[in-house]
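Right, one structure below, let's go through it.
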């Protein structure tokens, strides 16, 4: 199927062609007709599936066909999203797809002075893209009214829950007109999110594309077993490969992200961190530098990285394994996007073995192990055989080297087991 077969208007088709898009992704193919029929939608899709365009394109077409306002523009569409980065990304998408239409949008988020955002609102906008905190603040100051909203989009609902925004979301919903179209998107559907969806949607159509328990086939996944104290050296070793032009590195904590940046900088690798303690300006500079390849490594926490959308990102590195299996899927979904190939490296220490087991159970595959690196740590399951003269040999039944792809000898000498 092509976008032309979705009955899109010429200005939108021209914009898509300018962006180099001719064929919709599965979620776009299913969601766009539903939205244009003015039905409520419950969308379950992981990152990298083209979800933003799935609601942005039909919203632009709906608003373009609506009667034009005389005088001040009232906000017709509200898109609520959890992070600044994701809000900006959505704004960029509306700018790209709506370049040939006379539809105004603006993006508001916290962490920056509100002056410019207030001025944009005073000039009137059709589409408002907002994070919960700044939206509630400007509603309280009477700069924003939601009484004319015709379309409400709740994006990344599960991340809203993770970040503690769910109560703000519920407050926003109480200020919306009862008669409206609601589009609800979430990568996962925990019970509280399902309950929220049930309360704000009316007879929704459901679209589910690539469940969050699966990883993209375009992403090659490998594991490095390494002691915790050696992870810093292993990261430097991996990045010594000049073919890795850019890498997105994940840590569990903000402090951990900053520490990785300092360690990389000491060995001459350009790196910047992006997390919640950074100012909006610093986060945007880091993201801009990374997109422009001025910065080679971007180190991020999970929440900050949710809105990162970078074309042709070849490598994702899990410096620390996530303790929520679904988070692994979202992390490695940053690469291998739009049909491109990507590689996901994961550093796993002894304390993270249970996390690895949970991830492999979720995704239904056993991730290959790279053993031929200088910091290899023997993993559980190796059989230690005691030999005379205090010599030990470790046997791994049916061991296969992920790096060579061939059969490996069952006995590895000169290596002591820690298990």
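Residue numbers (the working numbering): 8 to 426.
Beta carbons: idealized from backbone N, C-alpha and C, even for Gly.
All values derive from a computational prediction rather than experimental measurement.
Exercise. Tell me the DSSP bridge mates of residue 279?
Worked result: 305
For this session: Return helix, strand or coil for residue 205, following the three-state DSSP convention.
Result: helix
For this session: Take residue 60 and list the residues in its own chain whose beta-carbon comes closer than 6 angstroms to its own, dropping the five residues that flank it on each side.
Result: 35
Exercise. Helix, strand or coil: which one does DSSP assign to residue 17?
Worked result: helix
Exercise. How about the segment 66-76 and the segment 14-26: do they share at least three Cβ pairs that are nearer than 8 angstroms?
Worked result: yes
For this session: Would you mind listing the beta strand (DSSP E) stretches within the segment 115-153 that are 3+ residues and don't spill past its ends, in chain order?
Result: 134-137
Exercise. By Cβ distance, which residues of its chain are closer than 7 angstroms to residue 436, with the 5 residues on each side in sequence left out?
Worked result: Nothing can be reported for residue 436: it is not among the residues displayed for the chain, which extend from 8 to 426.
For this session: Have a look at residue 208 and residue 186 and give me their C-alpha separation to the nearest angstrom.
Result: 11 angstroms
Exercise. Are the segment 104-118 and the segment 187-204 touching, with three or more C-beta to C-beta distances below 8 angstroms?
Worked result: no
Problem set entry | Candidates 98, 28, 31, of which the one nearest residue 137 by Cα | 98
For this session: Spell out a yes or no on whether the segment 348-360 and the segment 281-288 are touching, meaning 3 or more CB-CB pairs, one atom from each, closer than 8 angstroms.
Result: no
For this session: Spell out a yes or no on whether the segment 121-132 and the segment 172-187 are touching, meaning 3 or more CB-CB pairs, one atom from each, closer than 8 angstroms.
Result: no
Problem set entry | Ordered list of beta strand (DSSP E) runs contained in the segment 219-244, each at least 3 residues | 226-232
Exercise. Any heavy atom of the ligand MG closer than 6 angstroms to the CB of residue 353?
Worked result: As for the ligand MG, it is missing from this structure, which has no ligand bound.
Problem set entry | is_contact[residue 237, chain B] using C-beta, thresh 7 angstroms | Within the model displayed, chain B is absent; a lone protein chain is all it includes.
Exercise. Taking the DSSP output, what are the residues bridged to residue 382?
Worked result: The partner list for residue 382 (beta bridge, DSSP) is empty, contrary to what the question assumes.
Exercise. Taking the DSSP output, what are the residues bridged to residue 353?
Worked result: 230, 325
Exercise. Would residue 9 be called buried (16 or more neighbouring beta carbons within 10 Å of its own) or exposed?
Worked result: exposed
For this session: Indicate whether residue 298 and residue 324 have their beta-carbon atoms separated by less than 7 angstroms.
Result: no
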